[in-house]
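Some notes on the structure that comes next.
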Amino acid sequence: MRVLLRDLEASAATYRLTGLVAFVDVASPQRGYAVHVQFGVVNEGAATISVLNPFDLVQLRLNDREGRPLRLAAEAPSMLVHRPASEPWKLRTGLPIVEAVLNDEEIATSSLDVPVVELLPGRTSAVTHAITEHLAETTAVHLSDGDYAVGCIATLISAVDTGASRILESPMVPVQFARAPAP
Amino acid sequence: MSTGTHAAAEERPTPGSRAADRRSPAGSPPVPARVAGLDVWLLQKLAGNRATSELLSAQRKIQQGGEELEGLEKTAVPVAIRPVEATRTGDPGAIDSSLAKPTTLAGGAAPSHALGATAYGLTFPESVTADIDANKNAAGDWVPVVNSLTGNYSQQVRLLPGQTEVTGPGGNTTQANSCTQVTGLKTLGNTAGNPWYMLAAVQAHENVHLTRFKPALDAVSDAIATDIETTVKVPGASAATKAEAITKLKAEPAFATALASAKSTWLAKVLTLVAGDHAAGGPCATAEHTVVDPMVTNICAAVKSNHWPACPGCPP
Chain A
800 MRVLLRDLEA SAATYRLTGL VAFVDVASPQ RGYAVHVQFG VVNEGAATIS
850 VLNPFDLVQL RLNDREGRPL RLAAEAPSML VHRPASEPWK LRTGLPIVEA
900 VLNDEEIATS SLDVPVVELL PGRTSAVTHA ITEHLAETTA VHLSDGDYAV
950 GCIATLISAV DTGASRILES PMVPVQFARA PAP
Chain B
20 MSTGTHAAAE ERPTPGSRAA DRRSPAGSPP VPARVAGLDV WLLQKLAGNR
70 ATSELLSAQR KIQQGGEELE GLEKTAVPVA IRPVEATRTG DPGAIDSSLA
120 KPTTLAGGAA PSHALGATAY GLTFPESVTA DIDANKNAAG DWVPVVNSLT
170 GNYSQQVRLL PGQTEVTGPG GNTTQANSCT QVTGLKTLGN TAGNPWYMLA
220 AVQAHENVHL TRFKPALDAV SDAIATDIET TVKVPGASAA TKAEAITKLK
270 AEPAFATALA SAKSTWLAKV LTLVAGDHAA GGPCATAEHT VVDPMVTNIC
320 AAVKSNHWPA CPGCPP
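Pasting the structure below:
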């Protein structure tokens, strides 16, 4: 099921980003070693839009069947981490990426190790994460069979004018998961 | 199939969905024809809960019949979507900060992210806690009323492994290392393998980010409060007193979900506000220079007064 994210807040300079539509795509039921969740952005505008890497800024969420939030492995967005400028920029995600698409073309995950992404008009860029486990205190717990709900909050920030931003949120999407051996 | 989350999706917002969604029926984002698939959420907004319920029911039938998700496409209900004209003032459903709830920041939260080998520092929004009261709504259920919100953050600062604090002339500055120290300081610790820097500069950098945290929480506090107040409730008969009701409300899964969402929303807002902090010559660099520049001046003065070989980073 693919759902669109809705603006939770838009800055005054959002006009730079209005061509962008973000989505979450989650199949249900899923059987496998992980729940796969795709987050993507479509540039529906007529011009290329440069944004700070949106896959660095997205926050995935997972709820259990009672609606309780389950903590997922996550990395702090690079924007908040003070590293030497001499260090190459790298996309760090707590959840593994199993598929990456940039402007409709499947790419190696390492191709997203860039602080700025150019979103071409009419094209889709997306990453698919595999959620195999959640964190309980300090230990990781494999997802068990059952019903979950997945969603995300995304932050889109113009690379041309960082004052232009959008915060978008998806509804929680139900997903039924049955564990099967890893491929 | 369990009825857990799916039943919830039919009858009320899916667990974790935001009250903010409901506050602005006119605030739908532009929706492209290119985005394939079914947008249940928009359907709910535009065609109503009944249509959404029918759709989800159809989805369940497909799943029970063993079909793959693609089958969902067959059930798609045409939805007339009215694009919202883009304006510089943003989404009509945007947060109105004039309704902001009282907020405070609290440092000292346990860091959820350890610093990597090459990280100087990290200031991070860790959680949001809510001080609530409880009232009964028209249906007789206990519902929370948010009095205030607290944003709990962690802050980590350090020098990188292998680096040493510059203490200057009279400290650890010598003829042999003076120029290396000047270079390390003037480049704000950004040169690869730089062995010298100052912790106070790292702290100043992180404090710039921290100045964004309160405005960020203020900006989203109303949305957070609304989410808590509209998604959490317990039956009126389940608590005899307000105090008891507050305890029960805080124990609800929906309360935990709302607070988890609150943290995510706060973090998202923080990101938008810190986005320009690292610009060349921007706030973080300026803050670090306020610390390192006086030290550079001192070292360069020592170089000159001691007749040490001139440093490229020092004025002639």
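Chains A and B supply the protein sequences, listed in that same order.
Position one of the first sequence corresponds to residue 800 (my numbering), numbered consecutively onward.
Position one of the second sequence corresponds to residue 20 (my numbering), numbered consecutively onward.
In this text, a Cβ means the ideal position worked out from N, Cα and C, and glycines have one as well.
Query raised in the report: How would you label His326 of chain B, buried or exposed, when you count the other beta carbons within 10 angstroms and need 16 or more for buried?
Result: exposed
Query raised in the report: Enumerated in chain order, which unbroken segments of the alpha helix (DSSP H) with a length of 4 residues or greater are wholly contained in the segment 134–194 of chain B?
Result: none
Requested in this report: Determine the chain B residues that contact Leu851 of chain A at a beta-carbon separation under 8 Å, and present them in chain order.
Outcome: Ala294
Query raised in the report: In angstroms, rounded to a whole number, what distance separates the CA positions of Ala948 of chain A and Leu236 of chain B?
Result: 26 Å
Query raised in the report: Under 8 Å between C-beta atoms, does Tyr139 of chain B make it to chain A?
Result: yes
Query raised in the report: Which one of B:Asp312, B:Pro214, B:Pro254 and B:Ala275 has the shortest CA to CA distance from Pro220 of chain B?
Result: In the sequence as presented, Pro is not what sits at residue 220 of chain B; that position holds Ala. Answer by Cα proximity: B:Asp312.
Query - Per DSSP, cross-strand counterpart(s) of Asn842 of chain A - result: A:Leu819
Report task. Examine chain A for any beta-carbon lying closer than 8 Å to the beta-carbon of Ser283 of chain B, and answer yes or no. Result -> yes
Query raised in the report: DSSP beta-bridge partners for Phe232 of chain B?
Result: Beta-bridge pairing links Phe232 of chain B to no other residue.
Query - Integer-rounded CB distance, given that Ser910 of chain A should sit under 8 Å from Gly986 of chain A - result: The structure shown does not extend to residue 986 of chain A, since chain A is modelled only from 800 through 982, so no value can be given for it.
Query raised in the report: Any idea if His941 of chain A is buried or exposed, counting beta-carbon neighbours within 10 angstroms, 16 or more meaning buried?
Result: exposed
Query raised in the report: If you compare alpha carbons, which of A:Arg867, A:Asn842, A:Leu816 and A:Phe822 is closest to His933 of chain A?
Result: A:Arg867
Query raised in the report: Taking all protein chains shown into account, do 16 or more other C-beta atoms lie within 10 angstroms of the C-beta of Thr266 of chain B, making it buried, or fewer, making it exposed?
Result: exposed
Query raised in the report: From which residue to which residue does the beta strand (DSSP E) around Ala929 of chain A run?
Result: Thr923 to Ile930
Report task. Just mark Pro331 of chain B as buried or exposed, buried being the case when its beta carbon has 16 or more other beta carbons within 10 Å. Result -> exposed
Query raised in the report: In chain A, what lies closer than 8 Å to Ala242 of chain B by C-beta?
Result: Leu807 and Glu808
Query raised in the report: Can you list the residues of chain B that Ile848 of chain A reaches, using a CB-CB cut of under 7 Å?
Result: Those within 7 Å of Ile848 of chain A in chain B number zero; the least Cβ separation is about 13 Å.
**Report entry** Proximal residues of chain B, C-beta to C-beta of Pro876 of chain A below 7 Å
**Finding:** Leu290
Requested in this report: In angstroms with no decimal places, state the Cα-to-Cα distance between Cys951 of chain A and Ala138 of chain B.
Outcome: 26 Å
Query raised in the report: Just to confirm, are Val165 of chain B and Ala153 of chain B a CB contact at a threshold of 8 Å?
Result: no
Query raised in the report: Within the 8 Å Cβ cut-off, does Ser324 of chain B reach chain A?
Result: no
Query raised in the report: From A:Leu879, A:Arg860 and A:Val974, pick the residue whose C-alpha is nearest to that of Arg870 of chain A; which is it?
Result: A:Arg860
Report task. Return the Cβ separation of Val956 of chain A and Leu851 of chain A in integer angstroms, given the expectation that the two are a contact with Cβ distance under 8 Å. Result -> The sequence shown places Ile at residue 956 of chain A, not Val. The Cβ separation is near 4 Å, so the contact holds.
Report task. Could you tell me whether any Cβ in chain A is nearer than 8 Å to the Cβ of Ser72 of chain B? Result -> Since pLDDT at Ser72 of chain B reaches only 37, below the 50 mark, its modelled position is unreliable, and the value read off the structure follows with that caveat. Not one chain A Cβ lies under 8 Å of Ser72 of chain B.
Query raised in the report: Distance, Cα to Cα, Phe232 of chain B vs Ser240 of chain B?
Result: 12 Å
Query raised in the report: Do you know how far the Cα of Phe143 of chain B is from the Cα of Met878 of chain A?
Result: 11 Å
Report task. Using alpha carbons as the reference points, say which of A:Leu807, A:Glu968 and A:Asp912 lies closest to Ile896 of chain A. Result -> A:Asp912
Requested in this report: Could you tell me whether any Cβ in chain A is nearer than 8 Å to the Cβ of Leu286 of chain B?
Outcome: yes
Requested in this report: In angstroms with no decimal places, state the Cα-to-Cα distance between Thr264 of chain B and Glu248 of chain B.
Outcome: Before going further, note that residue 264 of chain B is Ala rather than Thr in the sequence given. Cα to Cα, Ala264 of chain B sits roughly 13 Å from Glu248 of chain B.
**Report entry** Ala935 of chain A (DSSP reduced to helix, strand or coil)
**Finding:** strand
Query raised in the report: Name the chain A residues whose beta carbon is nearer than 9 Å to that of Pro272 of chain B?
Result: Asn862, Asp863, Glu865, Gly866, Arg867 and Pro868
**Report entry** 8 Å Cβ cut-off: residues of chain B touching Pro883 of chain A
**Finding:** Thr137, Tyr139, Leu179, Gly208, Asn209, Thr210, Ala211 and Asn213
Query raised in the report: Ser877 of chain A bridges to which residues according to DSSP?
Result: Answer is none; Ser877 of chain A lacks a bridge partner.
Query - 7 Å Cβ shell around Asp903 of chain A - same chain, five flanking residues per side excluded - result: Arg922 and Thr923
**Report entry** Collapsed DSSP secondary structure at Val802 of chain A in the structure displayed
**Finding:** strand
Requested in this report: Please check if any C-beta of chain A sits within less than 8 Å of the C-beta of Glu225 of chain B.
Outcome: yes
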